[in-house]
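Residue 515 is where the sequence shown starts when you use the working numbering, and the numbers rise one by one after that. Notes follow the structure.
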Amino acid sequence: MGEKLNRTYRILFTGIGRRVELVQAFRQAALNINIDLKIYGADMTGTAPALIFCDFTRTICGMKEPQYINELLYMCQSDHIDIIIPTIDTDLLVLSQNKDKFEKIGTKVLISSPDMISICRDKNYTADFFISCGLKAPKTYNNYEEYPNIYPCFIKPKDGSSSINAFKVNAYEELVVYAEKIKDYVIQPFISGKEFTIDIFCDYDGKPIYIIPRERLAVRAGEVLKTQIFMDETLIQESKKIIEKFRPCGPMTVQVIRQNSTNEDYFIEINPRYGGGAPLSMKAGAKSAEAMLRLLRGEHLIYKTNAALDGAIYSRFDQSVCISSKIKQPLKGIIFDLDDTLYSEKEYVKSGFEEVGKFLDDEEAVKQLWKFFQDGRPAIDSYLNLVGRNELKDKCLEIYRNQKPQIHLYPGVNELIKNFISRGIKVGIITDGRVEGQKSKIEALGLDKIIEDIIITDELGGPQFRKPNDIAFRIMQCRWRLPYEQIAYVGDNVVKDFQATKQLGMQGIFYRNQNSLYCSGNNCFENYMISDLCELEDLSLGL
């Protein structure tokens, strides 16, 4: 269990599209329970808005292409994905049918069994399933000529989703027109009443953890725009009947209409995945994203009663993000990372080791400490253990952390910054790390003398404000009163430096520093990539 608590978890959303709120919910859940989480997003194009909010993005072929599963398997194996979370109906059956292939390479798939997925993909089977659970469902017809003259009615594809090609019909003549237009349709009597979605989350064995009904107050293209949590006991108990027979793995949403005239519930459809509005239940208290991460970590969870704030109303809105990688905007501000961007962090490490060596009065200490460091081992711990002086660990760490470092700016950096300032370009620094340590670096480099706007993220309130958190970037933009599009950020760590900048619409400039502690060798950075800081001079003129 200890190993599971400390490791990095990698989740992959397929068909991620517009699921920004879902990605954000998992990001917040990981923060809440202190999990190191990396989020991967896969989509057919590189322009899906939710990709901007992922740590890593992958382009993949269409889900109906014969090579889809092989491409996905390769992706999961290469990226060491722990679990796949599908988000659209097209993906469900093919993933369910190939679940064993993914588990053989160590990747779980948050998906129900193929026979249950098949029930959901055909409205005829879905209606029969509800009835087998002892629930009501609108009677289904597959031939308009056999449909009794009960209007209004509803006609839709038997395997449809997102209300695509779903029409309310008021007369026989309309029904004929739509029946000729829609292939493999179903017809159901129209049920007039309040519409509800029930957000369900179960463990791997299909045992419920959360059941959250909510009323659909406003809908667009099948996805809720406004909803109200409605913790109705009847809907919850009816949901338990569905869960008992369906045994869903992970998330599931159920659509139901409570008929105005009879107050009876008619069940319409099942989506064995996260629904578009599922993050709204999470906001109300049903922490299903957190539950999924806990399950991944091996924890046992039980059903949570009254998990959501009953009566809470949520209203959604659209927001835009810039996904183009080459925006030509005049550059009015530039923010630098500090460590391994403006100076060599290895130089700082060596400086600290030299101070520790002086304290230990051991000429070989610095060489040994550096060797342990290069080997990826905790240098001070390893050295003190080697020489049998473990009792000095706290003192050595104190000396290392409180050093007055002997470090220097990379060649040309001082002149580069002064040149930007002379051209009227605002210059700032955003850096992560212990406040005292970062301040000593800034002072040793003389940056406090030439740059006014310096933000140490830990000084804002602790490590949770470090990149990729966007708070520091928002503060800098507020100080400068510049559009995000006219601000560039220069950093050396692809993993964490550019997530916030992408989401805010800033330009990212990746300094591919071969001497960096975190050099990724990434040759396909999405915005601009430089190998020498001097290239910024020309790049700033072209932006």
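Cβ coordinates follow ideal geometry from the N, Cα and C atoms, glycine included.
The segment 821-833 makes contact with the segment 790-802; the number of CB pairs closer than 8 Å reaches 3 or more. When only Cα atoms are considered, TYR724 and PRO765 end up about 9 Å apart. GLN882 is positioned such that its CB atom lies closer than 9 Å to that of LEU900. In the DSSP assignment, ASN785 forms a beta bridge with THR767. In the DSSP assignment, LYS881 is bridged to no other residue.
Residue ranges of uninterrupted beta strand (DSSP E) with 3 or more members, entirely inside the segment 889-969 and ordered along the chain, are 940-945. At a cut-off of 3 residues, the continuous stretches assigned as beta strand (DSSP E) that sit fully inside the segment 702-750 are 707-716, 722-734, 737-743. Contact between SER632 and LEU607 holds, with the beta-carbon distance rounding to 7 Å and staying under 8 Å. Non-local beta-carbon contacts of ARG635 in its own chain, meaning distances under 8 Å to residues more than five positions away in sequence, involve ASP603, LEU606, LEU607, ASP673 in chain order. Contact check between the segment 1001-1015 and the segment 804-819: fewer than three CB pairs, one atom from each, fall below 8 Å, which does not count as touching. Here ALA693 is not near TYR780, since their CB atoms are 9 Å or more apart. For CYS590, the three-state secondary structure derived from DSSP is helix.
Its Cα nearest to that of ARG1026, the residue GLY1005 stands out among ASN785, LEU1018, GLY1005, ILE944.
For ARG572, the pairing in a beta bridge is given by DSSP as ALA556.
Proximity of the segment 608-617 to the segment 724-737 falls short of the contact definition, fewer than three beta-carbon pairs being nearer than 8 Å.
The beta carbon of GLY951 lies closer than 8 Å to those of ARG915 in the same chain, with the five residues before and after it left out. Under the Cβ criterion (8 Å, minimum of three pairs), the segment 893-913 does not count as touching the segment 923-931. Cα atoms of SER954 and TYR862: separation of roughly 11 Å, rounded to the nearest angstrom. Secondary structure at TYR639: helix, using DSSP grouped into helix, strand and coil. Between ASN548 and the set ARG521, THR1015, PRO703, the nearest pair of CA atoms involves ARG521.
ILE1044 carries a strand assignment under DSSP once its states are collapsed to helix, strand and coil. Here TYR554 is buried. Its C-beta has 16 or more other C-beta atoms within 10 Å. Looking at the backbone, the Cα of SER865 and that of PHE886 are separated by about 15 Å. Counting of Cβ neighbours within 10 angstroms places THR855 among the buried residues, the total reaching 16 or more.
In this structure, ILE574 keeps its C-beta atom at 9 Å or more from the C-beta atom of LYS552.
Excluding residues up to 5 positions away in sequence, ILE723, LEU809, LEU815 lie with their Cβ nearer than 7 Å to the Cβ of ASP717 in the same chain. Of the candidates VAL880, GLN1021, PHE979, GLU804, the residue whose Cα lies closest to the Cα of ASN546 is GLU804. Of VAL941, HIS594, ILE965, ILE714, the smallest CA-CA separation from ILE757 is found for ILE714. Residue state for TYR661 is assigned as coil, using DSSP reduced to three classes. Between LYS846 and GLY938, the C-beta spacing is below 9 Å. Straight through space, the alpha carbons of ILE750 and ASP972 are spaced by roughly 44 Å. ILE566 and ARG988 have their C-alpha atoms roughly 17 Å apart. If the five residues before and after GLN611 are omitted, its C-beta is found closer than 7 Å to the C-beta atoms of PRO628, all from its own chain and listed in chain order. Counting the other CB atoms within 10 Å of its CB gives CYS992 a total below 16, which places it among the exposed residues.
Contact check for PRO671 and PHE704: beta-carbon distance about 17 Å, past the 8 Å limit, so the pair fails to qualify. By the 16-neighbour rule on beta-carbons within 10 angstroms, GLY942 is buried.
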